[in-house]
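Enquirer: To convert, note that position 211 of the sequence shown is 211 in the working numbering; the numbers rise steadily by one, no gaps.
Even glycine gets a Cβ: it sits at the ideal position worked out from N, Cα and C.
Provided herewith is a single structure, encoded as structure tokens, for subsequent inquiry.
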Amino acid sequence: MINMRMVLVGVLLFIAGAINAQEERKNTVDGGFVFKDFVEVKTTEVKNQNRSGTCWSFGSISFLESELIRSGVADPNLSEMFIVRKAYSLKADEYVRRQGKYQFGPGGQFHDVIEIIKKYGILPESKYGGMAVEYGKPVHNEMDAMAKAILDVVISNPNKKLSPNWRVAYEGTLDAYLGELPADDPKVYAERLGLNWNDYVEITSYNHEEFYKPFNLQIPDNWMGGDYYNLPIDELAATVENALKNGYSVGWDADVSEPGFSFKNGVAILPVKEWSQMDKVQKDTIFNSPSEEVMVTQELRQEMYENYETTDDHLMHITGMCKDQNGTRYYVVKNSWGTDKNDCEGYIYVSEAYFRAKTVVLLVNKASIPKGISKKLGF
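Take a look at the structure:
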């Protein structure tokens with residue numbers, strides 16, 4: 001006899017956009033991490049930021065593409081480099097106005113993308129690929145150096161009065177490396193997408209600021225000065241679980257400098273024994289199978305932030321969750337480093353301990369936040 005209750009649950013999950021998968025996967029072809037009980041959200045193919053500091057655009061765009069899929073748009077493919085191009089122009093203005101006393105670099109945050117779309121719109125990848133220099137993949141080292149050099153000449157003020165021509169020279173450099181912007185109207189395209197850009201907020205979890213209130217998080221790449229809503233870590237984790245179970249994905253900004261973050265091995269873990277205390281054999285075998293991990297408290301998170309053990313490194317996209325053979329939760333994270341650098345097709349499995357310790361910021365749809373938490377935040 002068919003279990004009608006299970007059928008109904010399956011139908012509801014399908015409608016919500018969450019996909020329950022029962023197959024098993026491993027972290028590598030012969031890996032000892034075995035994952036099952038998947039809950040996943042539909043997303044687009046993994047892309048490759050290559051040699052560019054544009055993870056913030058790739059992670060945000062991937063998140064927005066999942067939002068478009070959830071709303072019924074088939075195969076969206078938005079231009080990361082349109083956003084990057086506009087961000088470089090905005091950063092230049094701020095750097096010059098503040099006479100160089102300002103963070104200028106390729107990095108950024110989720111809200112950069114949302115705010116740029118609000119102001120300028122967006123284009124599909126087919127209209128602006130952003131690779132005038134034909135490497136086939138983004139290579140921004142030279143462009144970054146050229147852009148910074150131009151601006152440093154400008155702020156040195158050799159003419160004793162700035163001319164408006166510096167912007168022409170600077171924008172010409174961006175044209176040379178990224179390509180000229182097309183005549184298409186990005187605002188019209190953004191409106192056609194049908195998303196409400198005010199639906200999206202960033203959340204974080206640090207106890208040097210008041211919980212349930214927004215604050216300006218002190219990280220270098222927050223060059224726009226964006227605000228983040230502050231939640232206790234348990235409620236932040238509950239928000240991710242609620243989102244995924246209801247068909248919403250989550251943008252993830254995290255510290256990836258830890259030795260336990262191994263994209264090659266397909267996992268990010270936080271072992272109890274510190275890396276510096278491991279011998280060679282332990283280091284060589286730590287990714288062979290699950291081991292005991294750190295119990296991460298709010299206080300430990302704060303300590304890691306204050307002493308620079310946790311830094312704002314890399315933005316990615318959480319598209320699912322699962323459990324290993326021991327029942328430990330992992331998050332399925334879509335990266336932007338291509339598909340040929342590990343056996344997980346460009347994804348990585350992040351343990352709950354690593355997530356709780358090393359999450360810096362999340363991007364979520366306000367509708368995906370549990371009602372009780374949403375009320376505390378004033379939504």
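1) Count the other CB atoms within 10 Å of the CB of Trp398; is the residue buried (16 or more) or exposed (fewer)?
2) Here's a check: name, in chain order, each residue in its chain whose Cβ is nearer than 7 Å to the Cβ of Lys148, leaving out the five neighbours to either side.
3) Which residues in the same chain have their Cβ closer than 8 Å to the Cβ of Leu174, if we skip the five residues on either side of it in sequence?
4) Hey, would you say Phe35 sits closer than 8 Å to Tyr349, going by beta carbons?
5) Just to confirm the assignment: which complete beta strand (DSSP E) runs, minimum length 3, are found wholly within the segment 247–294?
6) Thinking Thr380 and Ser205 are a contact (beta carbons under 8 Å), I'd like their distance in whole angstroms, please.
7) Using the DSSP secondary-structure output, state which residues sit across from Ala21 in a beta bridge.
8) Once DSSP output is grouped into helix, strand and coil, what is the label at Leu8?
9) Relative to the alpha-carbon of Leu391, which residue among Phe82, Lys91, Val41 and Ile83 has its alpha-carbon at the smallest distance?
10) Over what stretch of residues does the alpha helix (DSSP H) that includes Ile61 continue unbroken?
11) What's the C-alpha gap between Gly31 and Asn242?
12) So, for Pro220: in the same chain, excluding its five sequence neighbours on each side, which residues have a beta-carbon less than 6 Å away from its beta-carbon?
13) At what residues does the beta strand (DSSP E) containing Glu202 begin and finish?
14) Please work out which residues of its chain come closer than 8 Å, Cβ to Cβ, to Tyr177, disregarding the five sequence neighbours upstream and downstream, and give them in chain order.
15) Taking all protein chains shown into account, decide if Thr297 is buried (16 or more other Cβ within 10 angstroms of its Cβ) or exposed.
16) Quick test of your reading: Gly53 and Gly107, contact by CB under 8 Å. State the CB separation rounded to the nearest angstrom.
17) Under the rule that 16 or more other beta-carbon atoms within 10 Å means buried, what is Asn365, buried or exposed?
18) Have a look at Pro259 and Cys344 and give me their C-alpha separation to the nearest angstrom.
19) Would you mind listing the alpha helix (DSSP H) stretches within the segment 122–156 that are 4+ residues and don't spill past its ends, in chain order?
20) If we call anything under 8 Å between Cβ atoms a contact, is Ser351 one with Leu270?
21) If I measure Cβ to Cβ from Asn77 and keep anything under 8 Å in the same chain, skipping five residues before and after, which residues do I get?
22) Should Leu231 be counted as a contact of the ligand MG given a C-beta to heavy atom distance under 7 Å?
23) Spatial neighbours of Glu209 within its chain, please: C-beta separation below 6 Å, excluding the five flanking residues on both sides.
24) With DSSP as the reference, label His314 as helix, strand or coil.
25) Short check: CB of Ser79 to CB of Ile122, under 8 Å?
26) If Lys334 sits next to Gly346, beta carbons under 8 Å apart, how far is it from one beta carbon to the other, in whole angstroms?
27) Residue range of the beta strand (DSSP E) that Pro214 falls in?
28) Buried or exposed: where does Thr285 fall if 16 or more other Cβ atoms within 10 Å of its Cβ makes it buried?
29) For Arg97, tell me which candidate among Gln49, Val154 and Ser71 has the shortest Cα-Cα distance.
30) Within 10 angstroms of the Cβ of Ala367, are there 16 or more other Cβ atoms? Answer buried if so, exposed if not.
31) Please report the straight-line C-alpha distance between Gly130 and Phe82, rounded to a whole angstrom.
32) Under three-state DSSP, which class holds Lys323?
Expert: According to the structure data:
1) No answer is possible for residue 398: it lies beyond the span of the chain, which begins at 1 and ends at 379.
2) Excluding residues within five positions, the ones whose Cβ falls inside 7 Å are Phe104.
3) In chain order, Arg85, Tyr88, Ser89, Met143 and Ala147 place their CB closer than 8 Å to the CB of Leu174, counting only its own chain and leaving out the 5 sequence neighbours on each side.
4) The criterion of a C-beta distance shorter than 8 Å is satisfied by Phe35 and Tyr349.
5) Restricted to the segment 247–294, the beta strand (DSSP E) segments that are unbroken, complete and at least 3 residues in length are 250–254, listed in chain order.
6) With the chain running from 1 to 379 in the structure shown, residue 380 is simply not present.
7) Beta-bridge pairing links Ala21 to Phe38.
8) Here the model assigns Leu8 a pLDDT of 42, short of 50, so the residue's position is not dependable, and the following value carries that caveat. In the structure shown, the three-state DSSP call for Leu8 is helix.
9) The requested residue 391 does not occur in the structure, where the chain is confined to residues 1 to 379.
10) Run containing Ile61: Cys55 to Arg70, per the alpha helix (DSSP H) assignment.
11) Their backbone Cα atoms lie some 29 Å apart in a straight line.
12) Closer than 6 Å at Cβ, skipping near neighbours: Gln103.
13) Note, Glu202: beta strand (DSSP E), Tyr200 to Thr204.
14) Cβ neighbours of Tyr177 beyond the five flanking positions: Ala132, Val133, His140, Glu142, Met143 and Met146.
15) Answer is exposed; the Cβ neighbour count stays below 16.
16) Their Cβ separation, rounded to whole angstroms, is 5 Å, which keeps Gly53 and Gly107 in contact under 8 Å.
17) Around the CB of Asn365, 16 or more other CB atoms lie within 10 Å, so the residue is classed as buried.
18) Taking the straight line from one Cα to the other gives about 19 Å.
19) Qualifying alpha helix (DSSP H) stretches, in chain order: 141–156.
20) Yes; because the gap between Cβ atoms is below 8 Å, this pair is in contact.
21) Residues of the same chain with a CB within less than 8 Å of the CB of Asn77, apart from the 5 flanking positions on each side, are Thr44, Glu65, Pro124, Glu125 and Ser126 in chain order.
22) The ligand content of the structure shown is nil, which means the ligand MG is not present either.
23) Only Phe215 and Asn230 meet the Cβ criterion.
24) His314 falls in the strand class under three-state DSSP.
25) In this structure, Ile122 lies closer than 8 Å to Ser79 by Cβ.
26) About 7 Å separates the Cβ atoms of Lys334 and Gly346, confirming a contact at the 8 Å cut-off.
27) Pro214 -> beta strand (DSSP E) spans Pro214 to Asn216.
28) Exposed.
29) In this structure, Val154 is the residue among Gln49, Val154 and Ser71 with its C-alpha nearest to the C-alpha of Arg97.
30) Classified as exposed, Ala367 has fewer than 16 neighbouring CB atoms from the shown chains inside 10 Å of its CB.
31) For Gly130 and Phe82, the distance between alpha carbons rounds to 7 Å.
32) Secondary structure at Lys323: strand, using DSSP grouped into helix, strand and coil.
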